[in-house]
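To start, the structure under review is shown below, and the notes come after it.
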Amino acid sequence: MQPFVLGPESIPAELVDGLNPPQRAAVEHRGEALLIVAGAGSGKTRVLTHRIAGLIATREAWPSQILAITFTNKAAAEMRERVGHLLGEAVEGMWISTFHSACVRILRREAERFGYPQGFTIYDAADSKALIKRIVKAVDAESLGVSVSQAQHRISGLKNELIDPDGFSRQADLSNPRDALVLEIYRQYDRELRRNRAFDFDDLIAQTVWLFRAHPEIAALYQRRFRHVLVDEYQDTNHAQYALIRELTRRAEPQHVPADTRIALDPDGSIPPASLTVVGDSDQSIYAFRGADIRNITEFERDFPGAEVILLEQNYRSTQNILDAANAVISRNFDRREKRLFTTSGAGAKIVGYTGYSAHDEAQFVADEIHLLRDAGTSFNDIAVFYRTNAQTRALEEILIRAAVPYRLIGGTKFYERAEVKDVLAYLMTVANPADELSVRRIINAPKRGIGPATETAISNYAEAEQLTFRQAMGRADALGLGPKVTREIAALAEILDRAEASIAPDRPQGPVPVSRMLATLLGDVRYTETLRATGNPQDDARAENVEELVNVAKEFDKTHPDGTLVDFLTEVALVAAADDLDDESGAVSLMTLHTAKGLEFDAVFLTGVEEELLPHRMSADEPGGLAEERRLFYVGITRARKVLHLSLAMTRTTFGESSVAMPSRFLQEIPEGLIEWRQSPGMATSLGGTRPRALNAHGGEGGRRRRADGGELPAGRGLRSEFRPTRENQQRGGRVSGAVRDNSALELASGDRVKHTDFGEGTVRAVLGSGTKRIAEVDFDEAGRKKLLIKIAPLEKL
DNA sequence: TATAACAGTATTTTT
DNA sequence: TACTGTTATA
């Protein structure tokens, strides 16, 4: 049936009342493509939900024709709730989900078409790392300079670019031994995934794209169904996701249009492209490291001719002071579309700055301020503490516990990453997909059954010889020629798994057993929890509790999904994200990384560890565009605050055992002086003379510097700390404190040259490695020994 | 095969 | 620090 089309003027008033003009335009606009550039806090979720509701209310679309994509499950749930609030039950028919969930749904539905079982396994980052590790070992890549994480990163990057092993072999420079190795690892990894009937995270997107491209008639089914595609956080999409969107919003050619199509076709018999709405803010793009391509948003108008662009700049979240700081910071990034957030809600409180002597001192400040805020009526729920790296949580947690501040850690070592939870999930994956050898191997000796590597190899060899899967070989334990005890153990495990499989078979006469019951039986049969409890080790008790918690999750799942299968359950747990378990009623302060903070907002925000090497993180220094991305991260953090923003740092920070002097972040100086009220400024903290903190003296005071290998790893360089004062002069230097951005890239060095380093003294260059900005000099210092230095930033002088 | 003791090394952010 | 991997021993 064809939807009855009305003009936008018939959008119900309650959907546009109270919107500002651009917001209203974004809700009302009709056409093939719309880009909403939504600054932080500009009400984009409201616009998006109202737009969806408008499409339904005017009967331009059926609920089932809506596909809305978000980045996290939490965002999806929130959008679903808000649309439901506007529309009621109509929301049920919509696909509102993450990229990953939407793709899994499509892939499971079409699995048989490309030779995968519907119950294929999804490998998370840790699983894929384990697999890559095996391969890296097998080809001895590490000794040739390709580490496991490098290989994983490269492969992930290739998949995000939709480059398969063959494609890579065509474009790679195979005379480069490292690339040749990466190719070999990629090939084997791909083969293993296929053999295990598994997809990794990146595959979920990439394989869906391949599927659509290889089978236009399948793509047409989805092109016909989804007439309105809406994508949130578009600035963080990678190439594969972009390609997916393109496939979904492509015209379906007449020859691919299914016979029973009843929507309006173009005169030539094709299905016209679906309408596409994307919402994003390039200033909040913080996932380039994961392949997000900012060009997807900057080049949107080129990609989708005739696209309308609407800018939302009015901010409904923060005070003007906070926005001024945010604007000042982000304006240091060049190559961006000028955008200035403004509000009508007044200047508000000043930003509070604090420099602690140590991370603990800094945490104490956070705790004290939280208590003050609380006394003044702010609830713990409305307070958040952000940090750049997860390692920073330790000091914060210690102090918050001592200060009796209730807190919740969002992300971090997640429940689903714990070894015991992964074990149990591996049991379930084995049941759902017996071809998944990685999972079988994981559980074959957990709990201990006396099955070691030798036995595993024997099973594996037998499987290969007999053309069986590993799991099938286990079923023929007798034929393996192993000792009686081991044989018995293998046979018993195989039987337990068989029983579990049978109990959830869809064609089981009594009907399949619920997931939680199957799991409980399985765990009882293999005595998993029992074994943990028996050790008497309190840590194992905690592990047993985690396992029980997982059983509870399964029970909950059974309750909410009466027809849910094991595969559905595994899919759901595989795709939960850090931010998902954030609930707003917990009565606790939220602790999270800056990355997880994106998309959230709080009355009071503490942005901690605003130091060089941490924010911007030292790892970002070598990456092209790294600094700009770190600045955006800082910007995202600032703009999360509604009323009060605290910026804090520490003078010394302990990084695994060793403590070192930290310097204020260059970003601090990008904030106009008048906006910050320093409780203790970096200047005060260093020049207090007599009251100079022990923390500094203990470490050699002024000369205190990192005793780690590379002197060159200090981009902001010495001089920044003593010079730092958030004064006018500093700001006028364009944010570049003298010496802060050292640039030696022009320095030509050759083996044999004599050089002088500010800290290490004189030495002789032994070798120069790499090229461009990443050139590294290996120097034998007369006093300090051999060091590797990044030439671009090392305080080096040629003699 | 399992365990304990030791040494070495790594830390960015995550769907 | 904390985790991984290696080695020696039961």
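Start counting the first sequence at 6; every next residue gets the next number (the numbering used here). All C-beta atoms, glycine included, are put in the ideal place defined by N, C-alpha and C.
Beta carbon of residue 263 nearer than 9 Å to that of residue 224
no
Given that a residue counts as buried once 16 or more other Cβ atoms are within 10 Å of its Cβ, and exposed if not, what is residue 354?
exposed
Compare the beta carbon distance of residue 55 and residue 20 with 9 Å and say whether it is the shorter of the two.
yes
Same chain only: Cβ atoms within 6 Å of residue 327, ignoring 5 sequence neighbours per side:
646, 650
How is the beta strand (DSSP E) around residue 43 delimited, first residue to last?
38-43
Residue 426 versus residue 442 - alpha carbon distance:
CA-CA distance, residue 426 to residue 442, rounds to 18 Å.
For residue 670, the nearest candidate out of 508, 439, 344, 359 (CA to CA):
359
Taking only runs that begin and end inside the region 192-236, name each unbroken alpha helix (DSSP H) of 4 or more residues, in chain order.
206-219, 221-230
Can you have a look at residue 689 and say buried or exposed, based on whether 16 or more other CB atoms are within 10 angstroms of its CB?
exposed
Could you spell out where the beta strand (DSSP E) holding residue 316 opens and where it closes?
Counted as a single uninterrupted DSSP element, the beta strand (DSSP E) harbouring residue 316 occupies residues 313-317.
Who are the near neighbours of residue 85 in its chain, counting only those whose CB is closer than 8 Å to its CB and skipping five residues on each side?
96, 99, 101
Less than 7 Å between C-beta atoms, sequence neighbours within five positions excluded: which residues of the same chain meet that for residue 318?
44, 47, 344, 345, 346, 347
By Cβ distance below 8 Å, which residues in the same chain neighbour residue 572 in space, the five residues on each side in sequence not counted?
113, 123, 124, 437
Distance check for residue 529 and residue 283, CA to CA, integer angstroms please.
Just so you know, the alpha carbons of residue 283 and residue 529 end up roughly 49 Å apart.
Span separating the alpha-carbon of residue 411 from that of residue 291
29 Å
Roughly how many angstroms separate the alpha carbons of residue 581 and residue 366, rounded to a whole number?
For residue 581 and residue 366, the gap between their C-alpha atoms comes out near 34 Å.
Please classify residue 324: does DSSP put it in a helix, a strand, or coil?
Residue 324 carries a coil assignment under DSSP once its states are collapsed to helix, strand and coil.
Which whole runs of the alpha helix (DSSP H) in the region 99-123 are 4 residues long or more, in chain order?
104-115
C-alpha distance - residue 149 paired with residue 752, whole-angstrom precision:
29 Å
Using the three-state DSSP reduction, which class does residue 421 fall into: helix, strand or coil?
helix
Between which two residues does the alpha helix (DSSP H) containing residue 392 stretch?
Counting along the chain, residue 392 sits inside no alpha helix (DSSP H); it lies in the beta strand (DSSP E) bounded by residues 388-392.
Residue 599 (DSSP reduced to helix, strand or coil):
DSSP places residue 599 in helix when its eight states are reduced to three.
Within a Cβ cutoff of 8 Å, which residues of the same chain sit near residue 474, ignoring the five residues on either side of it in sequence?
Hits under 8 Å: 439, 440, 442, 468.
When the Cα of residue 171 is compared with those of 196, 396, 16, 156, which residue comes out closest?
196
Among 541, 244, 604, 435, which has the Cα closest to the Cα of residue 524?
Among 541, 244, 604, 435, the Cα nearest to that of residue 524 is on 435.
If I measure Cβ to Cβ from residue 739 and keep anything under 6 Å in the same chain, skipping five residues before and after, which residues do I get?
Confidence is the limiting factor: at residue 739 the pLDDT is only 23, short of 50, which leaves the residue's position unreliable and the question unanswerable from this model.
In this structure, what does DSSP give as the bridge partners for residue 360?
654
Looking at residue 618: is its Cβ nearer than 9 Å to the Cβ of residue 668?
yes
Can you list, in chain order, the residues of its chain whose CB lies under 8 Å from that of residue 756, leaving out five sequence neighbours each side?
The beta carbon of residue 756 sits closer than 8 Å to those of 770, 771, 772, 773, all from its chain and outside the five residues before and after it, given in chain order.
Can you tell me whether residue 33 is helix, strand or coil according to DSSP?
helix
Going by DSSP, what residue range makes up the beta strand (DSSP E) through residue 609?
607-612
Nearest-angstrom Cα distance between residue 422 and residue 620?
C-alpha separation (whole angstroms): 26 Å.
Proximal residues to residue 74 (C-beta, below 6 Å), its chain only, five neighbours per side dropped
The answer, listed in chain order, is 104, 236.
How many whole angstroms separate the CB atoms of residue 652 and residue 599, which I take to be in contact at a CB cut-off of 8 Å?
The distance from the Cβ of residue 652 to that of residue 599 is about 13 Å, inconsistent with a contact at the 8 Å cut-off.
C-beta contact flag for residue 41 and residue 57 at 9 Å:
The Cβ atoms of residue 41 and residue 57 lie no closer than 9 Å to each other.
Since residue 281 is in the beta strand (DSSP E), which residue starts that stretch and which ends it?
280-285
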